[in-house]
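> The structure under discussion is supplied below as structure tokens; questions concerning it will follow.
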Amino acid sequence: MYMKLKFLGLFCFYSAFSFAQNSFNSYLKDATTYREHSLDITHMKVELSFEPQQGLVKGKVTHTFKVLQKTVDSVFFDAPGIKISTASFNGTNLAFKTTKTGVWVYPSKALSWDQIGEIVFIYTAEPKRGIYFIGWNVPEPTQLDPFAVRKQIWTQGQGIDNRNWIPMYDDMNDKFITETITTFDSKYKVLSNGKLISKKENKDGTSTWHYAMSKPHAGYLLMLGIGKYSVATAKSKSGVPLQFWYYPEFPERVEPTFRFSAQMIDFLEAQTGIPYPWESYSQIMVQDFMYGAMENTTATLFGDFFNVDSRAFLDRNYVGVNCHELTHQWFGDYITARDGRDAWLQESFATYFPKQLSKNIDGIEEWDWQRRAHQNAAVEAGKKDNFAVRHTAGGTARVYPKGAAVISMLEYVLGEDQWKRVLNYYLKTHAYSNVETNDLQQAIKDVLGLNLDWFFDEWILRGGEPNLRVHYEELTYANGSRGIEIAIEQIQKMDETIHPFKMPIRVEAYFTDGSSISINDQISEAFDVIKLNNIGSRKIAFVLVDPNSTILKQMSFKKEYSELEMQLKMAPHMLDRYDALVEMRNIPIAQKREAVLQVLSREKHEGILNEAITQLASDPSSADALEAMYANSRAAVRDQVLKSLEPNEANKSMYEKALNDSSYDVVKTALDKLCHAFPANASIYLVRTNTVHGMFHSVRMKWLELSIVNNLNELEARKELSVYSTENFEFRTRGQAFQVLKATNTFNDQVIDALFQAMLSSNGRLAGPASELASHFANTIEYRDRMKKYYQNKNYSEQQKEILSKNIFLFKN
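This note's numbering puts the first residue of the sequence shown at 348, with every later residue one more than the last.
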């Protein structure tokens, strides 16, 4: 009776709230608006040469256009910092005026509706964004090293950075055919968008590479990649030609780096029903890339930190990012968001499809695990603010993982077959065009006759996520029958923009006799009750609300230990078993030991296995079972075993065996743990791992750190470590070195030079850690004075001084 009265009071409160909130609709305003433009650019041809040591671009760009408005007497092109030498319109001189952000041109006679013409700029630029000159002022490496500096030129146009080296209309709401003609030193290869039309050898030792697209795309997707490469080729089952641009010194890295690439094209064609929409597909690795990768049309560019060998593949690989960027060839390149508010139509889909691919490659439990990861990221972002997926202030957590989680829910609501039918229609209808959220919304109506405005309203246009508080009660009704009533409260903070969520939901009850019952229902109010009939008065083992975590949400559902134990054992889906295990973290080990040990022998996925290993790590009685888990085929599980336990005489042989593991991460963990547990044997362990370097020399730098700590060839180790911090290496290697420099208090003139050079880098993922390390060293007066003297003795440019001035406070008092 108490429960019934409590339910009634909540219902009255929430009903009043619902009435008040639904009398109007409110949304968080987004400052982003559609950018107006008077010309429709239909073709952009860029002719280029470079002086890479100076970071100089010499260019000529020809814009072919059609006039959109009745009268146009001036046109603006984005071109910050670009020096325009000449401008012409249809072959005659064109008046122009440069500003801080670009260039205005003034036709002698006003342009009119539908008029077609050409505007040409000849220009030079020394850009700090958009195009990057890597390694041109550093000597070529003398040793074969995959992480040594390379001489390269590459571009990064997204969001609006191509404007820094090409005078252009730089916005995603205009799509045009691009053409690049690049002249450069013949020792280097050039990649750009589209088909290679020709390559001409010139008498001065240069080559001219001519690429052209056949279909329009957004200007931010134009790219260049220049360096010393070899090219491997393949084809998808449907015949799409693939090119893999790799460093010629390391052919053994091609297969693990580009693994599954052809399969991904087959997969995405099957998922969308749309053949790959371009002429070909190339991928090129580059050094010091500040993101993961970039989906330039027909030519994805990615950081060479994904250039792995077969051992590094086990720890971290390119597969997910590879599929993400390939997905963009459909979602982002083929169809492109009209403005930044609809970036989710690109990034969320490109995050969703790698998750779908994982089901094919690694199985259903990996798919579930990635879905949960996306949900968790969205929930964490929701704890900070309530921006929507379709809001430019929402951040990456909204347009990447939350959007991907929402798409998974949309597929769940529609069903897989209907969802694929919608996608196919949506892509075909807007081929090579711009899209906005309403286009996808309308496609569902057009294809299926369904109105999912409610779904888009609560999951895309509004922020927040449901926070469910769940409890259930067994009841005996007046007719003698028994039932289970599950109360679901939505306890998230609600206001003008966040309302109770409506979603289909499944509830399941499992009984101790092994039977179960279920119901598919719906939640839509701040308080809902779902009823299940318990025929035969069976004893409940556990109840699941939203089994397998279909809905993006937080949920609190208190259960007795006996329920958790049965859920861990009986629940059909790994995520529900994992959730039960997590809820057991604070249960005494003596009570849960057997249940958790069974996880080690029964489960396959590393997520739930690693949770079990962590919970058993401090239990001496479980040591043998944990050591047996070192035989697991997953490197992450082996690594978790080593990290969770502490080496001792009984398990020393396991750690010593791990020094020869196929995973670099496992070797690094084993070496670190052994040298700390058995310092007298450190020299033996260091000899055994002397030739293991790992990705970004991470194992080697742990080796150097342990050599220093154990006073084994300390001077030589500090010298080698300092070299890894210099501009002779790519940024992740340098970042690893920065960490070990700090840990070992290694400071010298070479380190000072490396830190200052790094602070001047355009790569924030290098400059930031360098600044932090300089700040750390500046806490020591002697080091601070040496850095100050170094700064004063260097002949920095005004621009460099401006950048470094952010850190000059380090040298005060």
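Even glycine gets a Cβ: it sits at the ideal position worked out from N, Cα and C.
Here's the rule: buried if 16 or more other CB atoms are within 10 angstroms of the residue's CB, otherwise exposed. What is tyrosine 681?
So tyrosine 681 counts as buried.
> With contact counted as at least three CB pairs below 8 Å, one residue from each stretch, are the stretch 648-666 and the stretch 549-558 in contact?
no
> Measuring only between beta-carbons, confirm whether methionine 850 sits less than 8 Å from chain C.
You won't find chain C in this structure, because it holds only one protein chain.
> Look at the Cβ atom of leucine 1088, then the Cβ atom of leucine 1068, and state whether they are nearer than 8 Å.
yes
> Using a Cβ distance threshold of 8 Å, determine whether the stretch 445-458 contacts the stretch 484-493, with at least three qualifying pairs required.
no
> Assess, as a yes-or-no matter, whether the stretch 490-504 is touched by the stretch 411-427 under the definition of 3 or more beta carbon pairs within less than 8 Å.
no
> By DSSP, does arginine 1133 sit in helix, in strand, or in coil?
helix
> Closest to leucine 891 by CA distance: which of Arg809, Ser629 and Lys906 is it?
Lys906
> Would you check if the stretch 576-587 and the stretch 599-611 touch, i.e. whether three or more CB-CB distances between them fall below 8 Å?
Result yes; three or more Cβ-Cβ pairs closer than 8 Å.
> With a threshold of 6 Å on Cβ separation, who are the neighbours of glutamate 526 within its own chain once the five nearest residues in sequence on each side are excluded?
Contacts found: Lys392 and Ala559.
> Roughly how many whole angstroms lie between the Cα atoms of lysine 534 and glutamine 630?
A direct Cα-Cα distance of roughly 20 Å separates lysine 534 from glutamine 630.
> Since asparagine 867 is in the beta strand (DSSP E), which residue starts that stretch and which ends it?
863-870
> Since I believe glutamate 974 is in contact with methionine 1001 (beta carbons under 8 Å), could you give me their beta-carbon distance rounded to a whole number of angstroms?
Between glutamate 974 and methionine 1001 the Cβ distance is about 5 Å, and since that is below 8 Å, they are a contact.
> In chain order, what residues of the same chain have a beta carbon less than 7 Å from the beta carbon of glutamine 717, not counting five sequence neighbours either side?
Lys702 and Ser705
> Out of Gln914, Ile573, Glu820 and His920, state which residue places its alpha-carbon closest to the alpha-carbon of alanine 927.
Gln914
> Got a sec, what are the start and stop residues for the beta strand (DSSP E) asparagine 654 sits in?
First-last for asparagine 654: undefined, no H or E at that position.
> If distances are taken between C-alpha atoms only, which option among Lys749, Tyr638 and Phe660 comes closest to valine 601?
Phe660
> Spatial neighbours of phenylalanine 696 within its chain, please: CB distance less than 7 Å, with the 5 preceding and 5 following residues excluded, ordered by chain position.
Thr674, Phe678 and Ile754
> Here's a check: name, in chain order, each residue in its chain whose Cβ is nearer than 8 Å to the Cβ of leucine 307, leaving out the five neighbours to either side.
Look at the range of the chain in this structure, 348 to 1160, and you will see that residue 307 is not part of it.
> I need the boundaries of the alpha helix (DSSP H) containing aspartate 662, first residue and last residue.
Looking at the DSSP string, aspartate 662 is not in any alpha helix (DSSP H), and its letter there is neither H nor E.
> Tell me the rounded alpha-carbon separation between arginine 940 and asparagine 998.
21 Å
> Buried or exposed, going by whether 16 or more other CB atoms sit within 10 Å of the CB of asparagine 785?
exposed
> DSSP three-state call for lysine 475: helix, strand or coil?
coil
> Under a three-way DSSP split, which group does serine 629 fall into?
strand
> Assuming alanine 426 and proline 514 are in contact, meaning their beta carbons sit under 8 Å apart, how far apart are those beta carbons, in whole angstroms?
4 Å
> For threonine 418, count neighbouring C-beta atoms within 10 Å of its own C-beta (all shown protein chains included) and say buried if the count is 16 or more, exposed if not.
exposed
> Return the first residue and the last residue of the beta strand (DSSP E) that leucine 538 is part of.
536-539 is the span of the beta strand (DSSP E), which, as asked, contains leucine 538.
> With DSSP as the reference, label leucine 569 as helix, strand or coil.
coil
> Looking only at its chain, what residues have a beta carbon closer than 6 Å to the beta carbon of proline 474, apart from the 5 residues adjacent to it on each side?
Asn511 and Trp512
> Given a cut-off of 8 Å, decide if asparagine 781 and threonine 683 are closer than it, judged by their beta-carbon atoms.
yes
> Since threonine 553 is in the beta strand (DSSP E), which residue starts that stretch and which ends it?
553-559
> Determine contact between the stretch 765-772 and the stretch 684-695, defined as no fewer than three beta-carbon pairs at a distance below 8 Å.
no
> Please report the Cβ distance between glutamine 676 and lysine 767, rounded to the nearest whole angstrom; I am assuming they are in contact, meaning their Cβ atoms lie under 8 Å.
Incorrect: roughly 18 Å between the Cβ atoms, too far for contact.
> Report all residues from its chain with a CB closer than 6 Å to the CB of phenylalanine 1163; omit the five preceding and five following residues, and keep chain order.
Missing from the structure shown is residue 1163; the chain here goes from 348 to 1160 and no further.
> Out of curiosity, what's the CA-to-CA distance linking alanine 918 and arginine 853?
So the alpha carbons of these two residues sit roughly 14 Å apart.
> Do you know offhand how far glutamine 368's Cα is from isoleucine 845's?
In this prediction, glutamine 368 has a pLDDT of 46, which is less than 50 and means its spatial position is unreliable; what the coordinates show is noted afterwards. Rounded to whole angstroms, glutamine 368 to isoleucine 845 spans 9 Å at the Cα level.
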